[in-house]
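> Structure in structure tokens, see below.
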Amino acid sequence: MGEYIEVSNLCKDYTIYKRRGLRREKEIVHAVRNISFGVKKGEFLGYIGPNGAGKSTTIKMLTGILTPTSGEVRVAGFCPWKERRKYVKNLGAIFGQKTQMWWDLPVKDTYKVLKAIYKVPEAKFRKQLSFLIDRLEIMEFYEQPVRQLSLGQRMRAELAACMIHDPDILFLDEPTIGLDVVSKHRVLNFLKELNAEGKTIFLTTHDLNDIETLCREILIINHGRLIYKGSLTALKKMVALPRLLKIRLKEGHYSLSQTQRKFIEIYNGNYNEKEGEIVIRIENSHKPAILARKVLQEFEIEDFKIQDPGIEEVVRDIYRN
Ligand SMILES: Nc1ncnc2c1ncn2[C@@H]1O[C@H](COP(=O)(O)OP(=O)(O)OP(=O)(O)O)[C@@H](O)[C@H]1O
């Protein structure tokens, strides 16, 4: 195939034990079920799916932390769990929920330890470190122990840590979790820059706006199965959800008459009385112009707009199937 990341028929089962009265019963959880896909070098791939879909399990197998129940994976020519030693030189990984840094060490010492672990030559280390410090604005907390950092600072420090050895591939499992707008912006810009320079990035996140900003390709996983691979634009076309008509009522007209309520009901709309906002899905059977005219006759309107469904809605619709 010649893909940079090649995954074929990948499966992972976990065995769990559940108590049933006095007996302990064995149960198999099929976390990843027969997944196959390929990723090209330099791609920025978004790996998304609802809670418990199997995202982290997949990333753990791709980074060699977990051995699959069956199936094959090749990343940059390596089998991650069999050739982990050699493989990690090419690899940077972040698991947003856990830190990979040493809690009591100052940030700068963490980087020195990593330099030694990855045997990074001094000159290369200095160059890479100054690049990371600059882009991720690390200087302000460089001397502080990791445990004193804010979440946003820690995530930036963490991102730098996984890149000390300048790897070609990054696996990022929720790298923007809990970040404020400013920190997040910084991290996303940095990832964009890395990708533009040729790094292959595999990103997992629940933040679909991040995906929309960054990823050309997405994979969607649900109940351990791959249910979509392709571009976001193609996905939106495929799902083709109806557009939304959003109507804001004039202040003082938020409490609706019987007829107005009936109107909303007929069009299967929703009404938020606190905001004075009506939302109606424009189904194919509706003629938008006629619908708009009727709305204008029926309500005292401040403003209205027609919106395409956002990525959130498109993906939610896919998860449902
Ligand atoms: N160590 C484990 N032992 C048993 N079951 C597990 C283990 N790790 C994960 N699972 C189960 O496997 C399934 C997939 O979990 P996984 O963590 O891969 O999902 P996820 O898509 O990353 O979810 P989230 O978005 O919530 O992080 C879930 O049903 C989960 O309960």
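Numbering of the sequence shown is given in the working numbering, commencing with residue 851 and proceeding in unit increments. Note that the Cβ used here is the ideal one computed from N, Cα and C, for glycine as well. Note that the coordinates shown come from a computational prediction; the quantities given were computed from them, not determined experimentally.
1) Suppose contacts are defined by Cβ-Cβ distances below 9 Å. Is residue 1177 in contact with residue 925 by that definition?
2) If you scan the segment 982 to 1020 from start to end, which runs of the alpha helix (DSSP H) of 4 or more residues do you find wholly inside it?
3) Residue 875 bridges to which residues according to DSSP?
4) Using only the heavy atoms of ligand 1, determine whether one of them is closer than 8 Å to the beta carbon of residue 943.
5) With DSSP run on the structure shown, which of helix, strand or coil describes residue 1038?
6) So, with DSSP's three-state summary, where would you put residue 937?
7) At a cut of 8 Å, does the segment 876 to 892 reach the segment 930 to 940 through at least three beta carbon pairs?
8) Is there a Cβ from chain D that is less than 9 Å from the Cβ of residue 1039?
9) Just checking residue 879 against ligand 1 - is the residue's beta carbon closer than 8 Å to any of the ligand's heavy atoms?
10) Does the distance between the C-beta of residue 864 and the nearest non-hydrogen atom of ligand 1 fall short of 8 Å?
11) At the level of alpha carbons, what is the spacing between residue 910 and residue 1087?
12) Could you compute how far the alpha carbon of residue 855 sits from the alpha carbon of residue 1083?
13) Counting only the same chain and skipping the five closest in sequence on each side, list residues whose C-beta sits under 7 Å from that of residue 865.
14) Less than 9 Å separating the beta-carbons of residue 1049 and residue 1067?
15) Given the structure, does residue 908 come close to ligand 1, in the sense that its CB is under 8 Å from one of the ligand's heavy atoms?
16) Looking at the structure shown, is residue 1068 part of a helix, part of a strand, or coil, going by DSSP?
17) Tell me which same chain residues have a C-beta within less than 8 Å of the C-beta of residue 1164, skipping the five on either side of it?
18) Can you tell which of 1106, 1064, 976, 1158 has the C-alpha that lies nearest to the C-alpha of residue 1121?
19) Within 10 angstroms of the Cβ of residue 1003, are there 16 or more other Cβ atoms? Answer buried if so, exposed if not.
20) Which full runs of the beta strand (DSSP E) of 3+ residues lie inside the segment 872 to 921, going along the chain?
From the atom records:
1) The shown model of the chain, from 851 to 1171, leaves out residue 1177, and the question about it has no answer.
2) Counting only runs of 4 or more, we get 1001 to 1011.
3) Taking the sequence shown and counting its residues from 1, the one referred to as residue 875 is at position 25. Per DSSP, 868.
4) For the purposes of this step, residue 943 is taken as the residue at position 93 of the sequence shown. Annotation for residue 943 indicates a beta carbon at 8 Å or more from all heavy atoms of ligand 1.
5) Along the sequence shown, one-based indexing puts residue 1038 at 188. Three-state result, residue 1038: helix.
6) Position 87 of the sequence shown holds residue 937. Looking at residue 937 - three-state DSSP - the assignment turns out to be helix.
7) Verdict: no, contact absent.
8) In the structure shown, chain D cannot be found, because there is only a single protein chain.
9) As a first step, residue 879 is located in the sequence shown; it is residue number 29 there, counting from the start. Yes - ligand 1 has a heavy atom lying nearer than 8 Å to the Cβ of residue 879.
10) Within the sequence shown, residue 864 is the residue found at index 14, counting from 1. At least one heavy atom of ligand 1 is nearer than 8 Å to the Cβ of residue 864, so yes.
11) Walking along the sequence shown from the start, residue 910 turns up at place 60. Walking along the sequence shown from the start, residue 1087 turns up at place 237. Approximately 32 Å between the Cα atoms of the pair.
12) By 1-based counting over the sequence shown, the position of residue 855 is 5. By 1-based counting over the sequence shown, the position of residue 1083 is 233. Residue 855 and residue 1083: Cα-Cα distance of roughly 23 Å.
13) Along the sequence shown, one-based indexing puts residue 865 at 15. Closer than 7 Å at the Cβ level, and outside the excluded window around residue 865, lie 876, 878.
14) Position 199 of the sequence shown, counted from the start, is the residue given in the question as residue 1049. Position 217 of the sequence shown, counted from the start, is the residue given in the question as residue 1067. Going by C-beta atoms, residue 1049 is not nearer than 9 Å to residue 1067.
15) Here residue 908 refers to the residue found at position 58 when the sequence shown is read from its first residue. Answer for residue 908: yes, Cβ within range of ligand 1.
16) Numbered from its first residue, the sequence shown carries residue 1068 at position 218. Here residue 1068 carries a strand assignment [DSSP, helix/strand/coil].
17) Mapped onto the sequence shown, residue 1164 falls at position 314. Closer than 8 Å at Cβ, skipping near neighbours: 1085, 1086, 1089, 1091.
18) Counting from 1 along the sequence shown, the entry for residue 1121 is found at position 271. Residue 1106 holds the alpha-carbon nearest to the alpha-carbon of residue 1121 among 1106, 1064, 976, 1158.
19) Counted from its first residue, the sequence shown places residue 1003 at position 153. Taking all protein chains in view, the Cβ of residue 1003 is crowded by 16 or more other Cβ atoms within 10 Å, so the residue is classified as buried.
20) For secondary structure counted as the beta strand (DSSP E) over 3 or more consecutive residues, the segment 872 to 921 holds these complete runs in sequence order: 873 to 889, 894 to 898.
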